[in-house]
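Structure record follows, encoded as structure tokens.
In our numbering, the protein residues as written are 3 to 173.
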């Protein structure tokens, strides 16, 4: 073998190594990896509330009968909520113009509320307009209140406030 043949082999080997090195660099550039952390923060749930709808309540109560409870639920959260339970949460009272109704044991309202569980009341988020205002849902719970025969005459024509607790989940 001559010197030129040896040189060609060395030059060929050098070129091959140079090409493989360049390919390795390109490959490394395409397969870069790394690590670190990303961050997300959860919002805090806001309490659902009810809105006064007494002016549009239909008179369905009389002694011995079940009546309807009208609720307008407000959801201030940025996500929709499904209310599953509406439970009684306090003393049922008559409106101010019927102040004798329920004022003492002799003037009983006779009105009771039956807890409503297993409901599917979808309340839109605060930024959604459901046609009833942003984040509001109006619902009638049929037969949820009852007026006993012990209801006082002073309760005729009264609108009753029924305090409730609402529970459910984001939907």
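Note that beta-carbon positions come from the ideal geometry of N, C-alpha and C, so glycine has one too.
Small disclaimer: the values here were computed from a predicted structure and weren't measured.
Exposed unless 16 or more other CB atoms sit within 10 angstroms - verdict on residue i
| i | result |
| --- | --- |
| residue 97 | exposed |
| residue 115 | buried |
| residue 118 | buried |
| residue 43 | exposed |
| residue 38 | exposed |
| residue 53 | exposed |
| residue 83 | buried |
| residue 151 | exposed |
| residue 63 | buried |
| residue 34 | exposed |
| residue 14 | exposed |
| residue 137 | buried |
Per-residue DSSP class, three states only, for residue i
| i | result |
| --- | --- |
| residue 100 | helix |
| residue 86 | strand |
| residue 55 | coil |
| residue 79 | coil |
| residue 150 | coil |
| residue 15 | helix |
| residue 6 | helix |
| residue 63 | coil |
| residue 72 | strand |
| residue 156 | helix |
| residue 20 | helix |
Contact belief for residue i with residue j at Cβ below 8 Å, rounded distance in angstroms
| i | j | result |
| --- | --- | --- |
| residue 153 | residue 112 | 3 Å |
| residue 94 | residue 164 | 5 Å |
| residue 78 | residue 48 | 4 Å |
| residue 156 | residue 102 | 4 Å |
| residue 46 | residue 161 | Rounded, the Cβ-Cβ distance is 34 Å, inconsistent with contact. |
| residue 67 | residue 149 | 6 Å |
Contact under 8 Å by Cβ, residue i with residue j
| i | j | result |
| --- | --- | --- |
| residue 127 | residue 80 | yes |
| residue 144 | residue 70 | yes |
| residue 51 | residue 169 | no |
| residue 73 | residue 147 | no |
| residue 159 | residue 100 | yes |
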